[in-house]
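Data first, discussion second: the structure below is written as structure tokens.
Numbering (the numbering used here), first residue to last: -12 to 115.
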């Protein structure tokens, strides 16, 4: 794989984390340097670690699922699509306020934005 391909994949993977970190930063009225650093460390570290975890998991699973990998992808994407349709029909009137600097909120957002990096890591393991 060429280096330019890897750079474009990395840029594409980082865009969702960038958008969520900017939104988290703008949701805070008085963002300090420590708060900005906390957001950056959470999102940056998860974006760096998740492809490695995915690659390691992919190396371990390659022999087990190589015959049915396309069915697994179909099942996962079908589940996500059905869940999105179901949630779009659900009416939620409550507006919740959260603190974007809360460690548990940052942890959930960091994992959510780096799931695609985990999938790319698994895919890289299958490329060999």
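Every residue, glycine too, gets a C-beta built ideally from N, C-alpha and C.
How many angstroms separate the CA atom of residue 72 from the CA atom of residue 66?
-> 10 Å
Looking only at C-alpha atoms, which of 105, 11 and 54 sits nearest to residue 84?
-> 11
Using beta-carbon positions only, say whether residue 7 and residue 94 come within less than 7 Å of one another.
-> no
For residue 90 versus residue 4, is the C-beta spacing smaller than 7 Å?
-> With contacts defined by Cβ atoms closer than 7 Å, residue 90 and residue 4 do not form a contacting pair.
Are at least three pairs of beta-carbons, each pair with one atom in the stretch 24 to 42 and one in the stretch 101 to 111, less than 8 Å apart?
-> yes
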